[in-house]
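S.K.:
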Amino acid sequence: MKRLPLLALMAVFFAWMLWSVSMRQALLFLAGIGLGVALAGQRFGFTTAWRILVEDKNPSGVVGQLIAFGLAALLCMPLLGHYGELTAALGPPSVSLLVGAFTFGLCMQVADGCGSGVFYKAGMGIPLNTAILPLFAVGSFLGSWHLGWWLELGRTEPVGFVTLLGWQRALALTLVALALIGVGVAWYTRRWHRARGAAAPQLWVRKWVVGAIMIAAFAALVLFISGNPWGIIYGPGLWVAKMATSAGVVDPAHNWFWSLPDNAAILQQSVLLDVTTITNVGILAGALWVSAGKPAAHKPMTGRQWSVALLAGLLLGYSSRLAFGCNIGAMFSGISTGSIHGWIWAPMAFAGTIFGLRIRRRMGY
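Quick note on the working numbering: the sequence shown kicks off at 202 and runs consecutively.
#1: Cα separation between Thr480 and Leu231?
#2: Which of helix, strand or coil does DSSP assign to Gly494?
#3: Are Gln226 and Leu473 close, meaning C-beta to C-beta below 8 angstroms?
#4: Give every residue of the same chain whose Cβ lies closer than 7 angstroms to the Cβ of Lys258, excluding the five residues on either side of it in the sequence, and list them in chain order.
#5: Out of Gly235, Cys277, Ser534 and Ser221, which has the shortest C-alpha to C-alpha gap to Ile433?
#6: With Cys315 as the anchor, note down where its alpha helix (DSSP H) starts and where it stops.
#7: Please give the ranges of any beta strand (DSSP E) in the stretch 367 to 420, keeping only runs that are unbroken, at least 3 residues long and fully inside the region.
#8: Assuming Gln226 is part of the alpha helix (DSSP H), what are its boundary residues?
#9: What's the gap between the Cα of Ala209 and the Cα of Pro328?
#10: Just verifying my parser: in three-state terms, what is the DSSP assignment at Ser520?
#11: Drop a sphere of 10 angstroms on the beta-carbon of Met224, count the other beta-carbons inside from all chains shown, and report buried for 16 or more, exposed for fewer.
#12: Output needed for Leu439: all residues of its chain with C-beta closer than 7 angstroms, excluding positions within five of it in sequence on either side, in chain order.
#13: From Phe305 to Met444, what does the alpha carbon distance come to, in whole angstroms?
#14: Residues in the same chain with beta-carbon distance under 7 angstroms from Leu516, minus the five sequence neighbours each way, listed in chain order, please.
#15: Over the uninterrupted alpha helix (DSSP H) stretch that includes Ala550, give me the two end residues.
#16: Name the DSSP beta bridge partners of Gly361, please?
Pasting the structure below:
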């Protein structure tokens with residue numbers, strides 16, 4: 202489809218949302234489009250950034266992520282401090298967080314996409330991620346169904362730095378921590394290349410910096426419009442939960458996660474009232490607009506490679522629910538809104554990524 206007809210369809214959907222659902226949801230659709238354009242247009246991949254750091258000692262992607270985290274914190278933490286109705290992306294430190302984040306980091310390399318990556322690449326029509334998307338949704342639902350059991354293994358209460366320290370101190374602490382990580386990554390990669398007599402890669406690459414600015418801005422808009430931080434995984438799990446409930450396959454009243462008041466309520470409502478559903482639809486639309494009229498990037502894969510990648514996609518959804526979010530809901534939004542679980546998620550997922558890259562190399566892709 203060409204861009205002009207697609208733009209017309211998006212305008213019609215926006216108008217219909219505005220008329221039939223709510224202004225909030227219509228505006229969230231636009232914010233989602235912006236996120237999709239940023240992710241797909243700049244190829245801002247969280248999976249890729251970690252992969253090029255580990256394999257090529259190229260820090261530019263991670264530096265872009267750090268810029269995105271810092272800018273988002275600059276925008277989101279003052280909002281949280283001034284508007285009490287807004288909520289941070291809080292998750293409890295727990296066994297499920299440790300297991301889920303590690304597994305997610307491993308699987309995102311094998312599946313060639315994290316939470317946001319699955320959506321924007323599916324929107325671009327990339328066959329692997331398009332096939333993974335429904336499995337990601339099923340995995341997210343299964344993770345939510347089992348979450349109560351995982352939490353019984355051990356957890357503590359969520360910790361929000363904005364509430365604990367005030368937004369000014371929380372912001373200062375976050376920016377200092379991000380700067381120290383950036384300095385450490387730059388020092389390590391430069392030293393590695395220097396030892397081999399090679400020039401170190403650039404720290405600042407335009408696509409990463411532009412993508413970071415766009416993502417931070419639109420993520421802050423999501424928080425301001427909806428009252429909730431940007432997330433990915435709740436929507437796909439909700440879709441499967443509604444289908445399973447309607448088909449009589451499961452009874453949510455007997456499940457810890459889906460019997461929680463907010464979750465039970467959304468099960469009875471239209472999915473169009475769910476924040477993550479609408480922003481995810483927007484991401485798909487934005488990525489589709491970026492790739493309109495272009496052939497989808499695609500490389501041949503063997504049946505064995507497909508099987509392993511699809512299994513990784515299912516586990517990607519499952520583990521993201523255990524970890525209280527994926528690279529977006531847990532890491533990006535967690536860190537930028539001052540949740541300690543975001544800082545736990547990141548190193549655990551990075552450790553998982555190292556193992557995932559080994560599997561990826563063994564599989565030959």
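Note that CB positions come from ideal geometry on N, CA and C, so glycine has one too.
Nothing here was measured: the structure is a model prediction, and the numbers come from that model.
M.R.: Quick answer:
#1: Here residue 480 refers to the residue found at position 279 when the sequence shown is read from its first residue. Here residue 231 refers to the residue found at position 30 when the sequence shown is read from its first residue. For Thr480 and Leu231, the distance between alpha carbons rounds to 8 angstroms.
#2: For this step, residue 494 is matched to residue 293 along the sequence shown. Assigned with DSSP and collapsed to three states, Gly494 falls in coil, not helix or strand.
#3: Translated into the one-based positions of the sequence shown, residue 226 becomes position 25. Translated into the one-based positions of the sequence shown, residue 473 becomes position 272. Their beta carbons are under 8 angstroms apart, which means Gln226 touches Leu473 by this criterion.
#4: Here residue 258 refers to the residue found at position 57 of the sequence shown. The answer, listed in chain order, is Thr390, Trp393 and His394.
#5: Sequence index remark: in the sequence shown, residue 433 carries index 232 (1-based). Closest by alpha carbon: Ser534.
#6: On the sequence shown, position 114 is the one that residue 315 refers to. Taken as a continuous stretch (DSSP letters only), Cys315 belongs to no alpha helix (DSSP H), as it is neither H nor E.
#7: None, since the stretch 367 to 420 contains no complete beta strand (DSSP E) of that length.
#8: Position 25 of the sequence shown holds residue 226. Counting along the chain, the alpha helix (DSSP H) containing Gln226 begins and ends at Met224 to Gly242.
#9: Within the sequence shown, numbered from 1, the residue matching residue 209 stands at position 8. Within the sequence shown, numbered from 1, the residue matching residue 328 stands at position 127. So the two alpha carbons sit approximately 25 angstroms from each other.
#10: As a first step, residue 520 must be located in the sequence shown, where it is residue number 319. Helix at Ser520.
#11: Looking up residue 224 in the sequence shown gives position 23. Here Met224 is exposed. Its C-beta has fewer than 16 other C-beta atoms within 10 Å.
#12: Residue 439 sits at position 238 when you count from the first residue of the sequence shown. Ile467, Val472, Asp475 and Thr478.
#13: Residue numbering aside, residue 305 sits at position 104 when the sequence shown is read from its first letter. Residue numbering aside, residue 444 sits at position 243 when the sequence shown is read from its first letter. CA-to-CA, the gap between Phe305 and Met444 works out to about 25 angstroms.
#14: Residue mapping note: residue 516 aligns to position 315 of the sequence shown, counting from 1. The answer, listed in chain order, is Thr304, Cys308 and Gly340.
#15: Mapped onto the sequence shown, residue 550 falls at position 349. Element bounds for Ala550: Ile541 to Met564.
#16: Locating residue 361 in the sequence shown gives position 160, counting from the first residue. Gly361 pairs with Ser540.
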